[in-house]
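The sequence shown begins at 737 in the working numbering and counts up by one.
The C-beta atom is built at its ideal place from N, Cα and C for all residues, glycine as well.
All figures in this text were calculated on a predicted structure; none of them were measured in a lab.
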Amino acid sequence: MAIQALYKSAILESIKRLGAKAVVTIGGVSREYSLLNTLQTGDTIKHFVYLDNETGSITSAKLVDSMGRELQTYNTVVEKGKDGLVIVFAIKIEIKEGMQ
Numbered sequence: 737m738a739i740q741a742l743y744k745s746a747i748l749e750s751i752k753r754l755g756a757k758a759v760v761t762i763g764g765v766s767r768e769y770s771l772l773n774t775l776q777t778g779d780t781i782k783h784f785v786y787l788d789n790e791t792g793s794i795t796s797a798k799l800v801d802s803m804g805r806e807l808q809t810y811n812t813v814v815e816k817g818k819d820g821l822v823i824v825f826a827i828k829i830e831i832k833e834g835m836q
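This is how it looks when you write it as structure tokens:
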């Protein structure tokens, strides 16, 4: 048996659509941000979030779905200055056949 391209493409497209926005904590305050872009290259999906005017210590960034459920979380400490900053949520999906 072989996984068909249509099946693999549908799975990746479904996963890609799950990411709706980001919740980023800067200076202890959590705020929602729209996704700037979502790109798929092969089996890798990247969601981009752009932070513009905010300044302070970024302690977490979460990719969430449309209902606010966490999909991916970064816990970090990064000082955000006046310049813009892009946060990238990236995942690589490996789809394999299974045997029972």
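Asked: DSSP beta-bridge partners of Arg767; Found: Val760
Asked: Inter-stretch contact (C-beta, 8 angstroms, three-pair minimum) for the stretch 787 to 795 and the stretch 738 to 747; Found: no
Asked: Cα-Cα separation, Gln808 to Phe825; Found: 7 angstroms
Asked: Leu799 versus Leu821, Lys757, Leu742, residue with shortest Cα-Cα distance; Found: Lys757
Asked: Through-space distance from Val759 to Gly804, alpha-carbon basis; Found: 9 angstroms
Asked: Selected residue, minimal CA-CA separation from Val685, among Leu787, Gly834, Thr780, Gly778; Found: With the chain running from 737 to 836 in the structure shown, residue 685 is simply not present.
Asked: Ser796: CB within 8 angstroms of a non-hydrogen atom of the ligand COA; Found: Of the ligands one can find in the structure shown there are none, so the ligand COA has no counterpart to examine.
Asked: For Gly764 and Glu806, the rounded distance between their alpha carbons; Found: 18 angstroms
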